[in-house]
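Novice: In this note's numbering, the protein residues as written are 15 to 132. The beta carbon of each residue, even a glycine, is placed where N, CA and C say it ideally should be. Note that the coordinates shown come from a computational prediction; the quantities given were computed from them, not determined experimentally.
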Amino acid sequence: MAVDIKKTEAPKGEESQTYTFVTVCKSDDLPEGEIQQLKARNKEIAVGRLVGGQLFAVGSRCAHMRGRLGNGELNGTILRCPWHKSEFDVTDGCVAKWVQEPGILKAINDAMVPASLK
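This is the structure in structure tokens:
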């Protein structure tokens, strides 16, 4: 079930916006300190509950290499990408730690030996 909410007070010079909220799961299905990968209207999102009870939802893919954040680790408000360990604060979306070399790709590259065949 979706609920449309019209924003009544927009910042000066901006138009009001309509936001649609969609139920993606029951609140009781989200244990504290955990995150899950879910789908809402054919879009993947990562949702979770911080220790203390605050719920959050973020885009499902890491901004760096598109790793699935729903499979990541949650430590306080910091969500760590499972692929390369970059970290994001789920309360404001800011990067907490940026990792240049993605760990999973390094492991794949270390396991591959290029060869030329004639």
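#1: In chain order, which continuous runs of the beta strand (DSSP E) of length 3 or greater are located wholly inside the stretch 27-66?
#2: For Q51, tell me which candidate among H98, G84, N89, C95 has the shortest Cα-Cα distance.
#3: Under 7 Å from any heavy atom of the ligand NAD, does the C-beta of L64 make it?
#4: Give the single residue among D43, R80, R94, H78 whose Cα lies nearest to the Cα of L69.
#5: What residue from K40, V113, T37 has the CA that sits closest to M79's CA?
Specialist: With the structure as the only source:
#1: 32-36, 48-54, 57-63
#2: Here residue 51 refers to the residue found at position 37 when the sequence shown is read from its first residue. For the residues H98, G84, N89, C95, the minimum Cα distance to Q51 belongs to G84.
#3: Among the components modelled here there is no ligand, and therefore nothing to report on the ligand NAD.
#4: In the sequence shown, counting from the first residue as 1, residue 69 sits at position 55. When only C-alpha atoms are compared, the closest one is D43.
#5: The residue given as residue 79 occupies position 65 in the sequence shown. Of K40, V113, T37, the residue nearest in Cα terms is V113.
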